[in-house]
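Peer 1: Please see the structure below; I have some questions.
2 protein chains.
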Amino acid sequence: MEHSAKTMNSNLKLSNRDRSVLMKTPFLTGLSTNSTLRMLSAMSVVNLATRHSIFREGERAELFYCVLSGYVRLYRLSQEGREADIRICGPGDTFAECLLYGEDTYPYHAQAAENATLATFDIQMVREIASEEKDVAQAVMMVLSRHLLTTMNCVANDRLFTAPQRVANYILERCPVDGGPASIRLPFQKSLLAGMLGLAPEALSRAFSTLRKSGVTVRGRAIQVMDVSNLRNL
Amino acid sequence: MEHSAKTMNSNLKLSNRDRSVLMKTPFLTGLSTNSTLRMLSAMSVVNLATRHSIFREGERAELFYCVLSGYVRLYRLSQEGREADIRICGPGDTFAECLLYGEDTYPYHAQAAENATLATFDIQMVREIASEEKDVAQAVMMVLSRHLLTTMNCVANDRLFTAPQRVANYILERCPVDGGPASIRLPFQKSLLAGMLGLAPEALSRAFSTLRKSGVTVRGRAIQVMDVSNLRNL
DNA sequence: GGCAAAATTTGATCGACGTCAAACGCTCCT
DNA sequence: AGGAGCGTTTGACGTCGATCAAATTTTGCC
Numbered sequence: 050m051e052h053s054a055k056t057m058n059s060n061l062k063l064s065n066r067d068r069s070v071l072m073k074t075p076f077l078t079g080l081s082t083n084s085t086l087r088m089l090s091a092m093s094v095v096n097l098a099t100r101h102s103i104f105r106e107g108e109r110a111e112l113f114y115c116v117l118s119g120y121v122r123l124y125r126l127s128q129e130g131r132e133a134d135i136r137i138c139g140p141g142d143t144f145a146e147c148l149l150y151g152e153d154t155y156p157y158h159a160q161a162a163e164n165a166t167l168a169t170f171d172i173q174m175v176r177e178i179a180s181e182e183k184d185v186a187q188a189v190m191m192v193l194s195r196h197l198l199t200t201m202n203c204v205a206n207d208r209l210f211t212a213p214q215r216v217a218n219y220i221l222e223r224c225p226v227d228g229g230p231a232s233i234r235l236p237f238q239k240s241l242l243a244g245m246l247g248l249a250p251e252a253l254s255r256a257f258s259t260l261r262k263s264g265v266t267v268r269g270r271a272i273q274v275m276d277v278s279n280l281r282n283l
Numbered sequence: 050m051e052h053s054a055k056t057m058n059s060n061l062k063l064s065n066r067d068r069s070v071l072m073k074t075p076f077l078t079g080l081s082t083n084s085t086l087r088m089l090s091a092m093s094v095v096n097l098a099t100r101h102s103i104f105r106e107g108e109r110a111e112l113f114y115c116v117l118s119g120y121v122r123l124y125r126l127s128q129e130g131r132e133a134d135i136r137i138c139g140p141g142d143t144f145a146e147c148l149l150y151g152e153d154t155y156p157y158h159a160q161a162a163e164n165a166t167l168a169t170f171d172i173q174m175v176r177e178i179a180s181e182e183k184d185v186a187q188a189v190m191m192v193l194s195r196h197l198l199t200t201m202n203c204v205a206n207d208r209l210f211t212a213p214q215r216v217a218n219y220i221l222e223r224c225p226v227d228g229g230p231a232s233i234r235l236p237f238q239k240s241l242l243a244g245m246l247g248l249a250p251e252a253l254s255r256a257f258s259t260l261r262k263s264g265v266t267v268r269g270r271a272i273q274v275m276d277v278s279n280l281r282n283l
């Protein structure tokens, strides 16, 4: 029955966790009952195995996506086949939503970086719903604004900081704000983090070892910071 | 009366060119008469001299902007005072519009890169208008979508291409599509182009001289391409 | 035109990071 | 336990682009 790694579900077949993420999506949170129902009618859910391609650059776009669980990698290819990650999407993130009012083909490749559950939305239908339901339009604007903000941040980080600084920033964004010790756990492979920061995996590894001097210890996916406020000074 | 380089105008005092750009803004084009009037009531026009600061990172945001003429530089500062450009905005571009539904402080510095005329929009008021007028909400979504798309492009370019390739891309985007010879004229200083491409001015200069081998001649702001299709292959 | 200031180019140097290859470690599988 | 396969680390090396300084060109202004 299932010969591909892709599974289509009705949204009744969601895990509790996925359902909870789905409802916290900016696209569905705070909507009127009516709007929520309409959005759900434009939505499906898919399960994807690691490395499964979601869409390819240049394909005609009919859906945009929201990650419920797992991670998705958005990337471009150079002529010679080098890959550059543009964005890593985790639970709650949306992608290709800029096509609601933009081009009609996907501007990058998308691939499941781990087993993932995604909500898919029909672009045409959502465009129509947004033109009729104010709360949906507002949700779309909020999502787009936030996404734009983080992407501009990404440009600034790439241009302003070195590899160890970018890694330190990543860690600090996920640490309690006060000083003192802290420990966090990477939600995915290091190679994904590398792509997210615009680095080769080797460069990430070296960045971590540079940060040892600043009190950062890494073992597998576990990261320990001796003194957060110390790390904050570069 | 005017001791700063900043001038506030009623929108009656616009040059023809500025008025035409203003009306072609995605924010004002295709709107109903009523929506247009409401948007104009949320708008002012300012003239700025070269290098005049428009806002600083962290400032409370009350306005977003649309460039009517001239160019604006959005940038971040590192601790040590190094500047990194995030975006160069020209006529028709908007900036800080992501604050309509995002944070309430500007996430970067903005500075006039030349004498410039800007339309300013009151964020609060536009938010209110967008919640009532569907065509305005749609215009906002289109602007955000387009902006997001170009910013993701920027990340991809930075990560995928070398300096000469990025410069070649810039030129090609502004050339007639067919092969053969072409010539274009930079609309601003080379140092601005450098910042736009994420390069130091020296690196841009060297990139141009690398491209001489590929038939690109530069004299001042004039750029000549011997064979466009040739340049397209890296 | 001619001077002062700014922008751009060129040269030299250096650090950061990508790439390739090899070693190491971990996980999963039987 | 033994291995195969993958992810990560480490080393060696090369390239790209930033930086500093100086030369040169362009621009703005009387």
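Those protein sequence lines, which keep their order, are chains A and B. If you read the first sequence in the working numbering, its first letter stands for residue 50, the second for the next number, and so on. If you read the second sequence in the working numbering, its first letter stands for residue 50, the second for the next number, and so on. For every residue, glycine included, the Cβ atom is placed at its ideal position computed from N, Cα and C. This one's a predicted model, so the numbers in the text were calculated from it and none came from an experiment.
What is the DSSP secondary structure of A145 (chain B), reduced to helix, strand or coil?
Peer 2: DSSP places A145 (chain B) in coil when its eight states are reduced to three.
Peer 1: DSSP three-state label for G196 (chain A), please.
Peer 2: A small fix is needed here, since residue 196 (chain A) is His in this sequence, not Gly. Of the three classes helix, strand and coil, the one that applies to H196 (chain A) here is helix, per DSSP.
Peer 1: Anything in chain A within Cβ reach of P156 (chain B), meaning under 9 Å, just list it in chain order.
Peer 2: Neighbours of P156 (chain B) on chain A, chain order: L198, M201, N202, A205.
Peer 1: Roughly how many whole angstroms lie between the Cα atoms of S69 (chain A) and F113 (chain A)?
Peer 2: Spanning the two alpha carbons is a distance of roughly 19 Å.
Peer 1: On the CB-based measure, 16 or more other CB atoms within 10 Å of its CB, does D153 (chain B) come out buried or exposed?
Peer 2: The residue is exposed, with fewer than 16 neighbouring Cβ atoms inside 10 Å.
Peer 1: Report the rounded CA-to-CA distance for D171 (chain B) versus I137 (chain A), giving the unit in angstroms.
Peer 2: Spanning the two alpha carbons is a distance of roughly 34 Å.
Peer 1: Which runs of the alpha helix (DSSP H) spanning at least 4 residues fall entirely within the region 144-195 of chain B, listed in chain order?
Peer 2: Taking only runs of at least 4 residues, the alpha helix (DSSP H) segments lying wholly in the region 144-195 of chain B are 172-181.
Peer 1: Exposed or buried, what is A161 (chain A) when buried is set at 16 or more other beta-carbons lying within 10 Å of its beta-carbon?
Peer 2: A161 (chain A) is buried by the Cβ-count criterion.
Peer 1: What number of angstroms, rounded off, separates the C-alpha of M191 (chain B) from the C-alpha of P75 (chain B)?
Peer 2: Their backbone Cα atoms lie some 8 Å apart in a straight line.
Peer 1: Between the region 215-233 of chain B and the region 213-231 of chain A, do at least 3 Cβ pairs fall closer than 8 Å?
Peer 2: Judged by Cβ distances under 8 Å, the region 215-233 of chain B makes no contact with the region 213-231 of chain A, as fewer than three pairs qualify.
Peer 1: Can a CB atom of chain A be found closer than 8 Å to the CB of A133 (chain B)?
Peer 2: Yes, because at least one Cβ of chain A sits closer than 8 Å to the Cβ of A133 (chain B).
Peer 1: I'd like to know whether the C-beta atoms of G139 (chain B) and P236 (chain B) end up nearer to each other than 8 Å.
Peer 2: In contact: G139 (chain B) and P236 (chain B) (Cβ atoms closer than 8 Å).
Peer 1: So, with DSSP's three-state summary, where would you put M88 (chain B)?
Peer 2: Three-state DSSP puts M88 (chain B) in a helix.
Peer 1: Could you tell me whether the Cβ of Y150 (chain B) comes closer than 8 Å to any Cβ of chain A?
Peer 2: Output row for Y150 (chain B): interface = yes.
Peer 1: Which runs of the alpha helix (DSSP H) at least 4 residues long sit entirely within the region 57-136 of chain A? Give them in chain order.
Peer 2: Runs found: 65-73, 82-90.
Peer 1: Can you tell which of A:M174, A:L97, A:D184, A:P156 has the C-alpha that lies nearest to the C-alpha of E177 (chain B)?
Peer 2: Comparing Cα-Cα distances from E177 (chain B) to each of A:M174, A:L97, A:D184, A:P156, the minimum goes to A:D184.
Peer 1: Would you kindly report the start and end of the unbroken alpha helix (DSSP H) that includes S240 (chain B)?
Peer 2: Counting along the chain, the alpha helix (DSSP H) containing S240 (chain B) begins and ends at 239-245.
Peer 1: Terminal residues of the continuous alpha helix (DSSP H) containing T259 (chain B)?
Peer 2: Element bounds for T259 (chain B): 250-260.
Peer 1: Shortest alpha-carbon distance to F104 (chain A) belongs to which of A:V94, A:T85, A:Y124?
Peer 2: Here the closest residue by C-alpha is A:Y124.
Peer 1: Looking only at C-alpha atoms, which of A:Q173, A:F257, A:G130, A:L193 sits nearest to P88 (chain A)?
Peer 2: Sequence inspection shows Met at residue 88 (chain A); the Pro mentioned does not correspond to that position. It is A:Q173.
Peer 1: Per the contact definition of three or more C-beta pairs closer than 8 Å, is the region 193-209 of chain A in contact with the region 194-207 of chain B?
Peer 2: Taking 8 Å as the limit for Cβ pairs, the verdict is that the region 193-209 of chain A does touch the region 194-207 of chain B.
Peer 1: When the Cα of L149 (chain A) is compared with those of B:Q238, B:Q187, B:N96, which residue comes out closest?
Peer 2: For L149 (chain A), the nearest C-alpha among the options comes from B:Q187.
Peer 1: Is G244 (chain A) near V277 (chain A), with beta carbons less than 8 Å apart?
Peer 2: No; because the gap between Cβ atoms is not below 8 Å, this pair is not in contact.
Peer 1: Within the continuous alpha helix (DSSP H) that includes R223 (chain B), where are the two ends?
Peer 2: First-last for R223 (chain B): undefined, no H or E at that position.
Peer 1: Have a look at A98 (chain A) and T166 (chain A) and give me their C-alpha separation to the nearest angstrom.
Peer 2: The alpha-carbon atoms of A98 (chain A) and T166 (chain A) are separated by roughly 9 Å.
Peer 1: Please list, in chain order, the chain B residues whose beta carbon lies closer than 9 Å to that of L117 (chain A).
Peer 2: Result: empty, since nearest Cβ-Cβ is about 22 Å, beyond 9 Å.
Peer 1: Should V265 (chain B) be labelled buried (16 or more other beta-carbon atoms within 10 Å of its own) or exposed?
Peer 2: With 16 or more Cβ atoms within 10 Å of its Cβ, V265 (chain B) is classed as buried.
Peer 1: Taking the straight line between their C-alpha atoms, what separation do you get for Q238 (chain B) and V226 (chain A)?
Peer 2: C-alpha separation (whole angstroms): 42 Å.
Peer 1: Helix or strand or just coil, what does DSSP make of R208 (chain B)?
Peer 2: The answer is helix: DSSP assigns R208 (chain B) an H, G or I state.
Peer 1: Apart from the five residues on each side of it in sequence, which residues of its chain come closer than 8 Å, Cβ to Cβ, to S127 (chain A)?
Peer 2: Excluding sequence neighbours, S127 (chain A) sits near A133.
Peer 1: Do G247 (chain B) and R208 (chain A) count as a contact pair if the criterion is CB distance below 8 Å?
Peer 2: Yes, the pair counts as a contact, with Cβ atoms nearer than the cut-off.
Peer 1: Taking the alpha carbon of I272 (chain A) as the reference point, which residue from A:L283, A:N282, A:R223, A:A249 has its own alpha carbon closest?
Peer 2: Of the listed residues, the one whose Cα sits closest to I272 (chain A) is A:R223.
Peer 1: Taking the continuous alpha helix (DSSP H) assigned at R281 (chain B), which residues delimit it?
Peer 2: From DSSP, the alpha helix (DSSP H) with R281 (chain B) extends over 277-281.
Peer 1: Since P230 (chain A) and V274 (chain A) are thought to touch, with beta carbons under 8 Å apart, how far apart are those beta carbons, to the nearest angstrom?
Peer 2: With 8 Å as the limit, P230 (chain A) and V274 (chain A) qualify as a contact, their Cβ atoms being about 6 Å apart.
Peer 1: For L283 (chain A) and chain B, any beta-carbon pair shorter than 8 Å?
Peer 2: It does; some Cβ of chain B falls within 8 Å.
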